[in-house]
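The opening position of the sequence shown corresponds to residue 5 in this note's numbering, with each subsequent residue numbered one higher. Built from N, CA and C at the ideal position, the CB exists for glycine as well. Scroll down for the structure; my scribbles are underneath it.
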Amino acid sequence: MYPSEFEYFAPRTIDEAIALLTRYGDEAKVLAGGQSLVPMMKLRIAGPRYLVDINRIEGLADLRREGDRLVIGALCRHADIGASRLVRDVLPILTDAASLTADIPVRNRGTVAGSIAHADPAGDWPAVLAALDTDVTVAGPAGSRTASLAEFIVDAYTTQLEPGEIVVGLSVGLPPKPGGGAYVKFEKRAGDFAVASVGVQVHMNGTECRQVAISLGALGPTAIRAAHAEQALQGRHASDDLLADAERLVREAAQPFADTRGSVEYKRHLAGVLFRRALTAAVDRANGREVATIHA
Ligand SMILES: Cc1cc2nc3c(=O)[nH]c(=O)nc-3n(C[C@H](O)[C@H](O)[C@H](O)COP(=O)(O)OP(=O)(O)OC[C@H]3O[C@@H](n4cnc5c(N)ncnc54)[C@H](O)[C@@H]3O)c2cc1C
5 MYPSEFEYFA PRTIDEAIAL LTRYGDEAKV LAGGQSLVPM MKLRIAGPRY LVDINRIEGL
65 ADLRREGDRL VIGALCRHAD IGASRLVRDV LPILTDAASL TADIPVRNRG TVAGSIAHAD
125 PAGDWPAVLA ALDTDVTVAG PAGSRTASLA EFIVDAYTTQ LEPGEIVVGL SVGLPPKPGG
185 GAYVKFEKRA GDFAVASVGV QVHMNGTECR QVAISLGALG PTAIRAAHAE QALQGRHASD
245 DLLADAERLV REAAQPFADT RGSVEYKRHL AGVLFRRALT AAVDRANGRE VATIHA
């Protein structure tokens, strides 16, 4: 199907883009990688009258370290993260997410910020970034503001973005050392959205788990932090009983819904299995072992 008719703009500056978005309000949409928006327009699930393409705006493709944070500009593509040596060194959990997202053509066009703005409950970026200290910076007619990712995504496909606003970038705190993280996703077919996914980021003190963050993707309307499982593990040394308890708490934290990808029981079970795999890989990485991305 063809999309309904729209007017296309390709501004060169953020101010110009904000002015266009403000002028056209609810009838306008930002176009970044187009990998979610264009399919929705073709299916006529979305029908914006005005498209504001941000791809010609300079300075939005950043991927750099700034002090103790990683800065990801609005035009940073999934593939940029996947290819980055810096990211592999400081946040390999993001390298996992990049190589598990969609397929190569989608990764070459789709942006991380676009995924956050889209807020798909099964999206890999909302899921993995929820395990980290992630901020979202927005520019709009009233200036710039920064919100935590947890504040920014308010529900499935719903964010704090107001008409006229653009996500200009994300920033992710670099976790304390020795630490490690891993993101594991289960998909029905290679390149598909997750049936379930789990991200784990740990900070270790020898064999003691000093801090841990556990995020669940495709297991609720937004990414979920398994807070009770985190509390159970913090300050403790691994044992079979402790890990079994943490796995149970992860399953309980999941709020999946039944769909063509699986039943509630099946997805809860997957949450536990993926948690174990992600935790093992995260601890191995914290101990300096090379661990390849897990294709579950
Ligand atoms: C075949 C296929 C498979 C896929 N598989 C996966 C997968 O496995 N995992 C996964 O996570 N995703 C998957 N996706 C989605 C893909 O990752 C998209 O790239 C991503 O969800 C959106 O990023 P985008 O840059 O393409 O955004 P766009 O499609 O350009 O925009 C998406 C939405 O976000 C808004 N938006 C985009 N950028 C901004 C911004 N900077 N500021 C404000 N609003 C903005 C747009 O207005 C629109 O509403 C898949 C897509 C396809 C086509």
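Exercise. Where does T115 fall in DSSP's three states?
Worked result: By one-based count along the sequence shown, residue 115 stands at place 111. Strand at T115.
Exercise. For D139 versus A151, is the C-beta spacing smaller than 8 Å?
Worked result: Locating residue 139 in the sequence shown gives position 135, counting from the first residue. Locating residue 151 in the sequence shown gives position 147, counting from the first residue. Less than 8 Å divides the Cβ of D139 from the Cβ of A151.
Exercise. Is G86 helix, strand or coil by DSSP?
Worked result: In the sequence shown, the residue the question calls residue 86 occupies position 82. G86: helix per DSSP, three-state reduction.
Problem set entry | Spatial neighbours of S148 in its chain, beta-carbon cut-off 8 Å, leaving aside the 5 residues before and after | Residue mapping note: residue 148 aligns to position 144 of the sequence shown, counting from 1. Around S148: T141, V142 and V172.
For this session: Could you tell me whether any non-hydrogen atom of ligand 1 is closer than 7 Å to the CB of A134?
Result: For the purposes of this step, residue 134 is taken as the residue at position 130 of the sequence shown. No, Cβ of A134 sits at least 7 Å from all heavy atoms of ligand 1.
Exercise. Under the three-state reduction of DSSP, which class applies to Y54: helix, strand or coil?
Worked result: Taking the first residue of the sequence shown as 1, we reach residue 54 at position 50. Strand at Y54.
For this session: Say yes only if the C-beta of S119 is nearer than 7 Å to one or more non-hydrogen atoms of ligand 1, and no if none qualify.
Result: Within the sequence shown, residue 119 is the residue found at index 115, counting from 1. Yes, since a heavy atom of ligand 1 falls inside the 7 Å radius drawn around the Cβ of S119.
For this session: Can you tell me which of the three DSSP states A242 falls into?
Result: Working through the sequence shown from its first residue, we reach residue 242 at position 238. The answer is coil: DSSP assigns A242 none of H, G, I, E or B.
Exercise. Using DSSP with H/G/I as helix, E/B as strand and the rest coil, what is F279?
Worked result: Residue 279 sits at position 275 when you count from the first residue of the sequence shown. Three-state result, F279: helix.
For this session: Using only alpha-carbon positions, find the residue among P7, V176, I58 and E9 that is nearest to D19.
Result: To locate residue 19, count along the sequence shown from 1; it is residue 15. The shortest CA-to-CA distance from D19 to any of P7, V176, I58 and E9 is the one to I58.
For this session: Let me know the beta strand (DSSP E) ranges lying completely inside the region 187-268, each 3 residues or longer, listed in chain order.
Result: Listed in chain order, they are 198-209 and 212-221.
For this session: Taking L41 as the reference, give the member of I120, D288 and L64 with the closest Cα.
Result: The count along the sequence shown starts at 1 and reaches residue 41 at position 37. For L41, the nearest C-alpha among the options comes from I120.
For this session: Would you check if there are 3 or more beta carbon pairs closer than 8 Å linking the region 196-205 to the region 217-226?
Result: yes
For this session: Determine the direct distance from the alpha carbon of Q235 to that of D84, and round the result to whole angstroms.
Result: Taking the first residue of the sequence shown as position 1, residue 84 is located at position 80. Taking the first residue of the sequence shown as position 1, residue 235 is located at position 231. Roughly 34 Å separates the two Cα atoms.
Exercise. What are the uninterrupted segments assigned as beta strand (DSSP E) that are 3 or more residues long and contained completely in the region 142-171, given in chain order?
Worked result: 147-152 and 157-159
For this session: Helix, strand or coil for G185, going by three-state DSSP, please let me know.
Result: Along the sequence shown, one-based indexing puts residue 185 at 181. In the three-state scheme derived from DSSP, where H, G and I count as helix and E and B as strand, G185 is classed as strand.
Exercise. Quick check: the region 87-106 against the region 6-15, are there 3 or more CB pairs under 8 Å?
Worked result: no
For this session: State whether the region 58-67 contacts the region 161-169, with contact taken as three or more CB pairs (one from each stretch) at a distance under 8 Å.
Result: no
Exercise. Since Y12 sits in a beta bridge, which residues does DSSP pair it with?
Worked result: Residue mapping note: residue 12 aligns to position 8 of the sequence shown, counting from 1. L55.
Problem set entry | DSSP bridge partner residues for T32 (one or two, in chain order) | As a position in the sequence shown, residue 32 is number 28, starting the count at 1. Residue identity differs from the one stated: residue 32 is Ala in this sequence, not Thr. Answer by DSSP bridge pairing, in chain order: Y54.
Problem set entry | Under the three-state DSSP convention, the category S175 falls into | On the sequence shown, position 171 is the one that residue 175 refers to. DSSP places S175 in strand when its eight states are reduced to three.
Exercise. Whose C-alpha, out of G292, L98 and S103, is nearest the C-alpha of G183?
Worked result: Position 179 of the sequence shown, counted from the first residue, corresponds to residue 183. When each option's Cα is compared against that of G183, the closest is G292.
For this session: Please list, in chain order, all residues of the same chain as E212 whose beta carbon is under 6 Å from its beta carbon, the five residues on each side excluded.
Result: Taking the first residue of the sequence shown as 1, we reach residue 212 at position 208. Closer than 6 Å at Cβ, skipping near neighbours: H241.
Problem set entry | Residue from G177, I108, A21 and R193 whose Cα sits closest to the Cα of G144 | Working through the sequence shown from its first residue, we reach residue 144 at position 140. Taking only the C-alpha atoms, the option nearest G144 is A21.
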